[in-house]
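Some notes on the structure that comes next.
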Amino acid sequence: MLPTHPPAVVLLCAAAHPTAPEHRETLVNPLTEKQIRASFVNASQREAKQATLPDLADVDWDRLDYLGWIDRKAPLAAYVVAEVDGEVVGILLRAADAKSGRGRKGMCAWCEDVVDDADVSLYVARRAGASGKAGNSVGTLVCTDFGCSRNVRRRPLAFEVGSDPERRAAFVQGRIDGLRERSSRFLAEVSSTR
């Protein structure tokens, strides 16, 4: 089942789950088109130039841990940009084609949300440098719509952590920290030229 994708960033839809208002810090500072295109560590200059970017004016930067989107002109291409060790790092991903199961139910390796019923897809990234040119790549299961930032900020259900406000806040913060660590680790792995 190949989902139809809206023009770009789906991370912006906060209506799917109520969010905890006290968790609004961001790991992604507002970026320009030039910064994004220059950040790709595993894409050629041609690929970076041809990437269809989301409308950056519509991005809710305060609610993102990374910027992720599907290329509306090339639906099997996707991109993720985040700060890793103080530097902006972008990666080009390829999704499995429709016949091999894009958009299946499963658990995202980044947000690890067990409540949201969002689809996950296998995304594969060519490694940076000579290793990538030799055909080496890494892959992971990620929310098909890159809605991880929304998922980790949803209000916890009672069965997850109870009703104590402090425990709920700590639970959400732990999920945010986990997302940041796992997504940054994947970007660092793609960036590695070993």
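FYI, my numbering numbers position 17 of the sequence shown as 1136, with every residue one higher than the one before it.
Positions of the beta carbon are idealized from the N, C-alpha and C atoms, including for glycine.
From Gly1251 to Phe1159, what distance separates their C-alpha atoms? 13 Å
Could you pull the start and end residues of the beta strand (DSSP E) that Arg1213 belongs to? Glu1206 to Ala1214
What residue does the beta strand (DSSP E) around Ala1196 start on, and which one ends it? Ala1196 to Val1203
Test: Glu1279 CB closer than 9 Å to a CB of chain C: Judged by its chain identifiers, the structure shown contains no chain C, having just a single protein chain.
Measuring only the C-alpha atoms, how far is Pro1140 from Pro1284? Unreliable placement is indicated for Pro1140, whose pLDDT of 42 sits below 50; the coordinate value is still reported in the next sentence. Cα-Cα distance, rounded: 12 Å.
Would you kindly work out how many angstroms separate the C-alpha atoms of Ser1311 and Ser1256, rounded to a whole number? 11 Å
Straight-line CA distance for Gly1293 to Gly1266? 17 Å
Quick check on Arg1299: does DSSP put it in helix, strand or coil? helix
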